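Participant: The structure follows.
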Amino acid sequence: MTPTPRGRKASKTILSNEQISHLNNQFASVRRLLVCQSCNKTGSINRNGSTTADPPQPCFLCKSCGKVHNAPTMAELVEQASKTLQNPPPVMDDMEISREPASNSDINVNASSTQINIETLLATIQQLTAELQQAKAEIKELRNQITQQPNQQRVTDIDTQFPSLGTASQVSTPWRDVDRLNKIKQSMKSQNQKRRIQRQEAAARFLQPPSNNQGFQYIYLPTKARVPFGQLRSRLRRLEINNSRILDINYPARNVVALLVHNDYAPELKEHLKKFRIQVKEDFDPCDGSILKDPKYENSSNEERDNMAYMHHCNRMERALTYIRPPVKFAVARYFYEQGWIGKSLFDEIVTSHRPQFTEPLCIEDDDEMAIENPLDRLSEL
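Residue numbers for the sequence shown follow the numbering used here, beginning at 289 and rising by one.
Printed below as a string of structure tokens:
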């Protein structure tokens, strides 16, 4: 072999178009038998594009190790795999092995082992047959005992072991407990009695002359936390405070709750709260700037803080009027207006909605006829 000049690489072998076509056909048929020379994995080589030579040489890539095989190398591998496929290794013929003559000693051993297996199976069959006969006899005896027992005794035993559904429901139902039922009835009766008395008192107040102590006032109480109004009213109910007499609830400051009540109900409520050692904050002023705890008011003057506290109080009064129902709403609105907590426009709007607007003139003749109408006729219409 002629040595290559120093400084130059040996020229690579380039396959012709016919060789490339032959290589592609052989590669497709023996691809699963090809072994990678780098990682020795079988069936991991795939086609991986072509080079830019003329003609383009196909490239092959191993998926396991990533080694790239050029066309001449792959041609050698394909040729080896094709030869292996055409000339498989010799395999021992089972028929030839079976044709070998067996010795007399081997035949005797096989015959004796077969005889032992047959005797063992026969013994097992006889044992199972005896057990089956015994089981059948026991079953027959039990059936005879069941048929000899009277039907009445069977029904009684079943009833004692498994009570009827009606009896079970009567025992398990809570309404069969007389003491518990009486307690529930007594509780419901006391609640109905209390509500009936409250309704009677409300109806009696409507038929009484106007009180000399007209007006409303807020009662300020200490509180540990600010809870929703629904929860607060439920706690007042537990203290046996009539929630219908509490017209409004708000939180004017931290740890303070305000209850709006009528002047006539205020002394009674205060006395009731003393039973539970609840102290009323008599000196609390919702328009005092000192109650503002927001950090943004720290640098404000006392006058500015008072103005902001007054503005927040007026906003709370306006929101309260949206939740108070008529006709108490109109009296409360007048009280708020007299105290300077709501404006003239809002007060006029509430008063205007209270006064009915007549679109037709009043007919006096119809009223006279209605006045002399027989009351029994009106009852019959109802």
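Glycine is no exception: its CB is placed at the ideal position from the N, C-alpha and C atoms.
Only a predicted model underlies this, so the values are computations on that prediction, with no experimental measurement involved.
What residue range is occupied by the uninterrupted beta strand (DSSP E) comprising F348?
Facilitator: First-last of the beta strand (DSSP E) with F348: 346–350.
Participant: Quick check on this structure: which residue in E489, I534, L365, K371 has the alpha carbon closest to the alpha carbon of Y508?
Facilitator: Measuring from the Cα of Y508, the nearest candidate turns out to be I534.
Participant: What span of residues does the alpha helix (DSSP H) with V616 cover, start to end?
Facilitator: Start and end: 616–627.
Participant: What did DSSP end up calling N247 once you bin it into helix, strand or coil?
Facilitator: The structure shown does not extend to residue 247, since the chain spans only 289 to 670, so no value can be given for it.
Participant: Can you name, in chain order, every residue of its own chain whose Cβ lies under 8 Å from the Cβ of H601, other than the five neighbours on each side?
Facilitator: Around H601: P540, P574, C575, W629.
Participant: Would A681 and L311 be called neighbours here (beta carbons separated by less than 8 Å)?
Facilitator: Lying outside 289 to 670, the shown extent of the chain, residue 681 is not represented and no answer is given.
Participant: I'd like to know whether the C-beta atoms of V568 and Q505 end up nearer to each other than 8 Å.
Facilitator: No, they are not a contact pair.
Participant: Under the DSSP definition of a beta bridge, which residues are partnered with P510?
Facilitator: Note: P510 sits in a beta bridge opposite V544.
Participant: Would you mind reading off the limits of the alpha helix (DSSP H) that contains R526?
Facilitator: Element bounds for R526: 517–526.
Participant: If I measure Cβ to Cβ from T301 and keep anything under 7 Å in the same chain, skipping five residues before and after, which residues do I get?
Facilitator: Within the same chain, T301 has close Cβ partners P360.
Participant: Answer yes or no: do R319 and I333 have a C-beta to C-beta separation smaller than 8 Å?
Facilitator: Yes, the Cβ-Cβ distance between R319 and I333 is below 8 Å.
Participant: Looking at the secondary structure, which residues open and close the alpha helix (DSSP H) in which L322 lies?
Facilitator: Element bounds for L322: n/a, residue is neither H nor E.
Participant: Mapping DSSP to helix, strand and coil, what is Q502?
Facilitator: Three-state result, Q502: coil.
Participant: Using 8 Å for Cβ pairs, my map puts I579 next to L557. What's the rounded Cβ distance?
Facilitator: With 8 Å as the limit, I579 and L557 do not qualify as a contact, their Cβ atoms being about 23 Å apart.
Participant: For the alpha helix (DSSP H) containing N590, list its first residue and its last residue.
Facilitator: Residues 590–609.
Participant: Taking the alpha-carbon of V268 as reference, which of H560, M599, D571, G518 has the nearest alpha-carbon?
Facilitator: No statement about residue 268 is possible, as the shown extent of the chain runs from 289 to 670 and does not include it.
Participant: On the DSSP bridge list, what partners appear for D342?
Facilitator: In the DSSP output, where bridge partners are listed per residue, D342 has none listed.
Participant: Mapping DSSP to helix, strand and coil, what is T743?
Facilitator: Because the chain in this structure spans residues 289 to 670, residue 743 falls outside the shown range and cannot be described.
Participant: Report the rounded CA-to-CA distance for A425 versus L469, giving the unit in angstroms.
Facilitator: About 59 Å.
Participant: Judging by CA-CA distance, which residue of N328, V356, L561, K473 is the nearest neighbour of R335?
Facilitator: The residue with the shortest Cα to Cα distance from R335 is V356.
Participant: What are the boundary residues of the alpha helix (DSSP H) that T361 is part of?
Facilitator: Note, T361: alpha helix (DSSP H), 359–374.
Participant: Just curious, the alpha helix (DSSP H) that I497 is in, first and last residue?
Facilitator: Correcting the residue type first, residue 497 is Pro in the shown sequence and not Ile. Looking at the DSSP string, P497 is not in any alpha helix (DSSP H), and its letter there is neither H nor E.
Participant: Apply the 10 Å Cβ neighbour rule to D536 and answer buried if 16 or more other Cβ atoms are within range, or exposed otherwise.
Facilitator: Looking at its Cβ environment, which holds 16 or more other Cβ atoms inside 10 Å, D536 is buried.
Participant: What do you reckon, are the CB atoms on P343 and N305 nearer than 8 Å?
Facilitator: Yes, the Cβ-Cβ distance between P343 and N305 is below 8 Å.
Participant: Give every residue of the same chain whose Cβ lies closer than 6 Å to the Cβ of Y625, excluding the five residues on either side of it in the sequence, and list them in chain order.
Facilitator: Excluding residues within five positions, the ones whose Cβ falls inside 6 Å are F635.
Participant: Leaving out the 5 sequence neighbours to the left and right, which residues in its chain are closer than 8 Å to A456 when beta-carbon positions are compared?
Facilitator: Per-residue confidence for A456 stands at a pLDDT of 48, beneath the threshold of 50, marking its modelled position as unreliable; the derived number appears in the next sentence. So the list is empty, once near-sequence residues are dropped.
Participant: Helix, strand or coil: how does DSSP classify N587 here?
Facilitator: Of the three classes helix, strand and coil, the one that applies to N587 here is coil, per DSSP.
Participant: Assuming S532 and Q486 form a contact by the criterion Cβ under 8 Å, report the distance between their Cβ atoms to the nearest whole angstrom.
Facilitator: Yes, they are in contact, since the Cβ atoms of S532 and Q486 sit about 7 Å apart, within 8 Å.
Participant: For L365, count the other beta carbons within 10 Å of its own beta carbon; 16 or more makes it buried, fewer makes it exposed. Which is it?
Facilitator: Result: buried.
Participant: Hey, G503 and N538 are a contact pair by Cβ (cut 8 Å); roughly how many whole angstroms apart?
Facilitator: With 8 Å as the limit, G503 and N538 do not qualify as a contact, their Cβ atoms being about 18 Å apart.
Participant: Report yes if the CB atom of A363 is closer than 8 Å to the CB atom of L303, and no otherwise.
Facilitator: The answer is yes: Cβ separation under 8 Å.
Participant: Using DSSP with H/G/I as helix, E/B as strand and the rest coil, what is N312?
Facilitator: If DSSP states are grouped into helix, strand and coil, N312 belongs with the helices.
Participant: Looking at the secondary structure, which residues open and close the alpha helix (DSSP H) in which K558 lies?
Facilitator: Counting along the chain, the alpha helix (DSSP H) containing K558 begins and ends at 554–562.
Participant: Beta-carbon separation of K581 and R542 under 8 Å?
Facilitator: Taking 8 Å as the Cβ cut-off, K581 and R542 qualify as a contacting pair.
Participant: So, at 8 Å on beta carbons, what are the nonlocal neighbours of Y553 in its own chain, with the 5 sequence-adjacent residues on each side left out?
Facilitator: Cβ neighbours of Y553 beyond the five flanking positions: R533.
Participant: With DSSP run on the structure shown, which of helix, strand or coil describes D467?
Facilitator: Residue state, collapsed to three classes: helix.
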